[in-house]
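Asks: First residue of the sequence shown: 923, per our numbering; consecutive thereafter.
Where is the CB? At the ideal position from N, CA and C, for every residue including glycine.
Okay, here's the structure, questions in a sec.
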Amino acid sequence: MLDSARALSSAHYGIITLFGDSGDVAAYLVSGLSAEEARALEAEPEGPRFIEHVRSRANPLRVADFARHADSVGLADLRLPTEVSAFMACPIRHRGESLGIIHLAHSEAGREFTLEDEETLVTFASEAALVIANARRYRDEQRARRDLEALVSTAPVGVAVFDARTGTLVSVNREARRIVSVLQGPGEQAEHLLQHLSVRRADGRELSLREFTMPQALKGAETIRAEEIVLYVPGGNSVATLMNATPIHSAEGEGELVSLVVTLQDLTPLEDLDRLRTEFLGMVSHELQVPLTSIKGSTTALLKDSNDLDPAEVRQFVRIIDSQADHMSILMADLLDVARIETGTLSVSPEPVDVGRMVDEAKNRFLISRRHNELQIQLAPDLPPVMADARRVVQVIVNLLSNAARYSPELAPIGVLAESDGNYVSIAVVDDGVGLASDDVPQVFRKYSRLDDQSRRGSQTGSGLGLAICRGIVEAHGGRIRAESDGPGMGSRFTFTLPVAAGALAVATPSPPAVHPPDTDRARILAVDDDPQALRYVREILARAGYSPFVAVDADAALEVMREQTPNLVLLDLMLPDVDGIELMGRILDIAEVPVIFLSVYGQDDYVVRAFDMGATDYIVKPFSPSELGARIRSALRRRRPGEPPEPRASYVHGDLVLDFAERRATVAGRPVELTPTEYRLLAVLAANAGRVITHGQLLERVWGSAYSASTAPVRNIVSRLRRKLDDDASDPTYIFNESRVGYR
């Protein structure tokens, strides 16, 4: 099509610019240009502005002198890789949507395009619009189909579709195959399994597919909604499921049954959870029964035989009652703590406290419990105070010490280590005990978990709530806790972090300037989430904590709040419907350097690492408690980001380079440097932010504005020009330094 348009108009060059779904340039199609010329055209810094100029026109553009026209519309810096005299362009539109632009050009002076050429180009643009629109529609349909297939394939619910006429299994997803694999014999196919499968419904009715052909069984198919149904085979294997079945009838005639869609949810995990809960209740009952039995026996002896007992025996019975009552009190406190953690009502009262004092108190409590393990305590010198509820943190350390002693030989040493870790202090409890299998490490902080390792299970006593409580307390302080082990028999290491007290941080390192100077106003916090319920929950937490909350449900509203309210901190959902959360963070940080905390249901390492790599201050996995969110906000505000650099001075001087902001000119060793407006803008941005790395994206946004290309080629092109004009060697720079794959400073 492009070649035909060139041929009919006798044009030397032809280009089709295609726009993507976001409106940015997605691709170039060229005719009459070499590969090198095409690359230079794509990298031209002023190219996006010219494309936007043509796209905004209601009618085609036809000019006899391209250079004069570019100069008249403010594009004097536009540099094309070839000579262009006459020029013609026509937007490609379909139902009001801009899909691209067709450009044609002459290279010889004196040649012009005629009105007939323009009409021909309009015809080609109309045909191109239909072709592109149809291609996009087909692409979207295929993408939607692939997305649906991927969704069904990876869904945690089994899905099977039957052809009612033939009884064949048309489609079955991965989860459905996994569910029926419990029933299959060695090497048996799922389709063969259907021939002897039996079904037991919730009301006790049973149906065996051995008695019917599949078409007969499907003929009487009825709608089933969330019914517990057991599938079983003659060998004795069975699986309980929650089933939904939906018959699909044809739209023609009498509505013949054409297919049956069945969804299955495996109830085995829920049954396992119920079993664990039952075991947990039984364990707690046992733990309560043991001290109650001792108390009951001691009180019975005191009441019946008090006259025959000597004072020493009486004191012994009283000690038993006292110690067992303490044991019950501890167990009940653990149960209450778990309930508070799960409901988000666990209260902590952080204040500046010395780490050594808390470790010493935990050591004394541990030794009082008559443990015989040697404690080896190593605290780094000059540890700063931490913001902590001392009573709760001592509880964490004691729980970790007791856990280490429970799974270690009686006289084995246990280490307690503490060191400064930036804005946090990390505290670790290390043992040489039975260790953890790699599969067990993620489970140790779960309330209902049971480890498979026999050496651990055999020695397990107590309620098993200690580590779950440790996690809840640490996270309520805004810290993190993790378990590490090299494997069974290799010992374990439990490490948790606590935020450094604000005053101590100010003494250790000079506090950076805040975005908003401290005053009597409450801190302003912006929360961005497309879920109104989650947004309401966060807003209530912020209001109760004494902050001034602002909320936004999309990127545009968030950026408007950033410009008008200048919040001190931003809480940002990772997945928003109109923009990626990390991309939005970059746009927020371009407005003001504020701390950004991500709130997300995604806890995988790659999401967390990507967020921190791109500049996030913290990352909280949903669901979270009000106390945890409050602690993390306080921690982030104490170490808030540096503010935007001050307004540039009258001039910037570095070596022989002088940049006069007022006059908008540059000199090197007194020699004036001729700069285009684009070159000056880029150099001014780097000078105003001297010493700071400015990313490619930030340079594109600040220098070229909203019409900038996604490619970094324009930035590299302008930097290359500047280096030549400033006599700056890229291999040994004096003025402009490259940060590989990031940007420049």
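For threonine 1045, name the three-state secondary structure that DSSP assigns.
Replies: If DSSP states are grouped into helix, strand and coil, threonine 1045 belongs with the helices.
Asks: Residues in the same chain with beta-carbon distance under 6 Å from methionine 1309, minus the five sequence neighbours each way, listed in chain order, please.
Replies: Around methionine 1309: Pro1272, Pro1421, Ala1423.
Asks: Quick check: what's the CA-CA separation for leucine 1297 versus proline 1233?
Replies: Their backbone Cα atoms lie some 37 Å apart in a straight line.
Asks: Residues in the same chain with beta-carbon distance under 7 Å from alanine 933, minus the five sequence neighbours each way, listed in chain order, please.
Replies: Answer for alanine 933: Leu1026, Ala1027, His1028, listed in chain order.
Asks: For the putative contact between threonine 1163 and isoleucine 1151, defined by C-beta atoms under 8 Å, what is the C-beta separation to the nearest angstrom?
Replies: Yes, threonine 1163 and isoleucine 1151 are in contact; Cβ-Cβ is about 6 Å, under 8 Å.
Asks: Assuming contact is defined by CB atoms lying nearer than 8 Å, are valine 1475 and aspartate 1452 in contact in what I supplied?
Replies: Result yes, Cβ atoms of valine 1475 and aspartate 1452 sit closer than 8 Å.
Asks: For proline 1655, which option in Tyr1574, Val1664, Leu1644 has the closest C-alpha, if you only look at C-alpha atoms?
Replies: Ranking the options by Cα distance to proline 1655, first place goes to Leu1644.
Asks: If you check the beta carbons only, do alanine 1359 and glycine 1409 fall under 8 Å apart?
Replies: Yes. Within cutoff.
Asks: Measure the C-alpha to C-alpha separation of glycine 1266 and isoleucine 1658 and round it to an integer number of angstroms.
Replies: Near 51 Å, if we compare the C-alpha coordinates of isoleucine 1658 and glycine 1266.
Asks: Pop quiz: valine 1318 and glycine 1337 are said to be a contact at Cβ under 8 Å. What is the actual Cβ separation, rounded to whole angstroms?
Replies: Valine 1318 to glycine 1337, Cβ: 16 Å. No contact.
Asks: Near serine 931, what residues of its chain come up, given a Cβ to Cβ distance below 8 Å and the 5 sequence neighbours on each side ignored?
Replies: So the qualifying residues of the chain are Met1010, Leu1026, Phe1035, Asp1039, Thr1042, Leu1043.
Asks: Is it true that the CB of alanine 1390 sits closer than 8 Å to the CB of arginine 1368?
Replies: For arginine 1368 and alanine 1390, yes; Cβs fall inside 8 Å.
Asks: Could you check how far apart the C-beta atoms of glutamate 968 and leucine 1000 are, in whole angstroms? I think they sit under 8 Å.
Replies: About 4 Å; that satisfies the 8 Å criterion.
Asks: Tell me which residue opens and which closes the beta strand (DSSP E) that glycine 1552 is part of.
Replies: Per DSSP, glycine 1552 belongs to no beta strand (DSSP E); it is in the alpha helix (DSSP H), 1548-1560.
Asks: Could you spell out where the beta strand (DSSP E) holding valine 1492 opens and where it closes?
Replies: 1491-1495 is the span of the beta strand (DSSP E), which, as asked, contains valine 1492.
Asks: Closest to leucine 1225 by C-alpha separation, out of Ala1312, Phe1239, Pro1213, Leu1214, would be which residue?
Replies: Looking at the Cα atoms, Phe1239 is the closest of the given residues.
Asks: To the nearest angstrom, report how far apart alanine 1340 and glutamine 1487 are at their CA atoms.
Replies: Cα-Cα distance, rounded: 41 Å.
Asks: Give the secondary structure of glutamine 1187 by DSSP, where H, G and I count as helix, E and B as strand, and everything else as coil.
Replies: Residue state, collapsed to three classes: strand.
Asks: Hey, leucine 1153 and leucine 1179 are a contact pair by Cβ (cut 8 Å); roughly how many whole angstroms apart?
Replies: Leucine 1153 to leucine 1179, Cβ: 22 Å. No contact.
Asks: Measuring CA to CA, which of Ile1023, Arg1065, Gly1032, Asn1056 is closest to arginine 1046?
Replies: Arginine is not the amino acid found at residue 1046; the sequence shown has phenylalanine there. When each option's Cα is compared against that of phenylalanine 1046, the closest is Ile1023.
Asks: Using 8 Å as the Cβ pair cut-off and three pairs as the minimum, do the region 1133-1143 and the region 1154-1161 touch?
Replies: The region 1133-1143 is not in contact with the region 1154-1161.
Asks: Any heavy atom of the ligand ATP inside 7 Å of the beta-carbon of alanine 1591?
Replies: Because no ligand of any kind appears in the structure shown, any question about the ligand ATP cannot be addressed here.
Asks: Grouping DSSP H, G and I as helix and E and B as strand, with all else coil, what is threonine 1200?
Replies: In this structure, threonine 1200 counts as helix in the three-state DSSP scheme.
Asks: At a cut of 8 Å, does the region 1533-1544 reach the region 1493-1513 through at least three beta carbon pairs?
Replies: Enough Cβ pairs lie closer than 8 Å, so yes.
Asks: Rounded to whole angstroms, what's the CA-CA distance from glycine 1565 to isoleucine 1616? Just pull it up for me.
Replies: Only weak support exists for where glycine 1565 lies, its pLDDT of 38 falling under 50; the value from the coordinates is given anyway. Answer to the nearest angstrom: the Cα atoms are 15 Å apart.
Asks: Would you kindly work out how many angstroms separate the C-alpha atoms of isoleucine 1014 and arginine 977, rounded to a whole number?
Replies: So the alpha carbons of these two residues sit roughly 9 Å apart.
Asks: For isoleucine 1510 versus leucine 1493, is the C-beta spacing smaller than 8 Å?
Replies: Against a cut-off of 8 Å, the Cβ pair of leucine 1493 and isoleucine 1510 comes out as no contact.
Asks: So, does the region 1210-1224 touch the region 1248-1258, judging by three or more C-beta pairs under 8 Å?
Replies: Flag = yes, the region 1210-1224 and the region 1248-1258 touch.
Asks: Starting from leucine 924, follow the alpha helix (DSSP H) in both directions and report where the run begins and ends.
Replies: First-last of the alpha helix (DSSP H) with leucine 924: 924-931.
Asks: Return the residue from the list Asp1512, Thr1090, Leu1551, Thr1539 that minimises the CA-CA distance to tyrosine 1459.
Replies: Selected option, being the one with the closest Cα: Leu1551.
Asks: Do you know how far the Cα of valine 1281 is from the Cα of aspartate 1354?
Replies: Distance between the alpha carbons of aspartate 1354 and valine 1281 is about 20 Å.
Asks: How far does the beta strand (DSSP E) with arginine 1415 in it extend, from its first residue to its last?
Replies: Residues 1414-1421.
Asks: Count the other CB atoms, across all protein chains shown, that sit within 10 Å of the CB of glutamine 1117; report buried if there are 16 or more and exposed otherwise.
Replies: Exposed is the call here.
Asks: Mapping DSSP to helix, strand and coil, what is isoleucine 1658?
Replies: Of the three classes helix, strand and coil, the one that applies to isoleucine 1658 here is coil, per DSSP.
Asks: Taking the continuous alpha helix (DSSP H) assigned at valine 1483, which residues delimit it?
Replies: 1477-1487 is the span of the alpha helix (DSSP H), which, as asked, contains valine 1483.
Asks: Do the region 943-950 and the region 983-993 meet, that is, are 3 or more Cβ pairs less than 8 Å apart?
Replies: Too few Cβ pairs lie closer than 8 Å, so no.
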